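Whatever position you read off the sequence shown (first residue = 1), add 21 for my numbering.
Built from N, CA and C at the ideal position, the CB exists for glycine as well.
None of these values were measured; they are calculated from a predicted model.
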Amino acid sequence: MTRRMTLICALLGVVTAQAGLAQTRAGSDTAAGPDAVCVRNATSEPFLFAAQAPGGARLLATLAPGEMLCSTGSGKGAGTGTGTGRGVVSVYAGADVLEGCSRLVAPGRIETLLRYADFDRCAWTSNS
22 MTRRMTLICA LLGVVTAQAG LAQTRAGSDT AAGPDAVCVR NATSEPFLFA AQAPGGARLL
82 ATLAPGEMLC STGSGKGAGT GTGTGRGVVS VYAGADVLEG CSRLVAPGRI ETLLRYADFD
142 RCAWTSNS
């Protein structure tokens, strides 16, 4: 097994252990909690999504069309790896894919994927 595949398997193991922490729900909400970073799937296909609020855990879940994933942070923002008080949302075609699309997002809002395209060419609500 290559180093990259070993790392991916290790990360997926961590994600599997945290899967119970992920909050997925139908995406009818228009705003997230003040310390939450949420991502919604507005495409017609399921994709693997990640959400990480400042100071919070990185959560992953496969979201069906219309579903949403939220990560809640500490509300502090500093020292969380982003350095900006922003969270990160990402989407991947599947667990075995290395490239996807990511966006920096402010806590308290929901970032919605409108169209998936490989290599950071996805259409999000914040860039449409």
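* Closest Cα partner of proline 55 within the set Gly129, Thr93, Gly106 -> Gly129
* To do: Could you pull the start and end residues of the beta strand (DSSP E) that alanine 57 belongs to?
  => Taken as a continuous stretch (DSSP letters only), the beta strand (DSSP E) holding alanine 57 covers 57–62.
* To do: Tell me whether the beta-carbon of alanine 127 lies closer than 8 Å to the beta-carbon of leucine 135.
  => Going by C-beta atoms, alanine 127 is not nearer than 8 Å to leucine 135.
* **Under 8 Å between C-beta atoms of leucine 80 and leucine 90** => yes
* Asked: If we ignore side chains and look at the alpha-carbon of each, how far apart do alanine 114 and leucine 84 end up?
  -> 11 Å
* Starting from leucine 90, follow the beta strand (DSSP E) in both directions and report where the run begins and ends. => 88–93 is the span of the beta strand (DSSP E), which, as asked, contains leucine 90.
* May I ask whether a heavy atom of the ligand GTP can be found less than 7 Å away from the beta carbon of arginine 136? => Of ligands this structure carries none, so the ligand GTP is not represented either.
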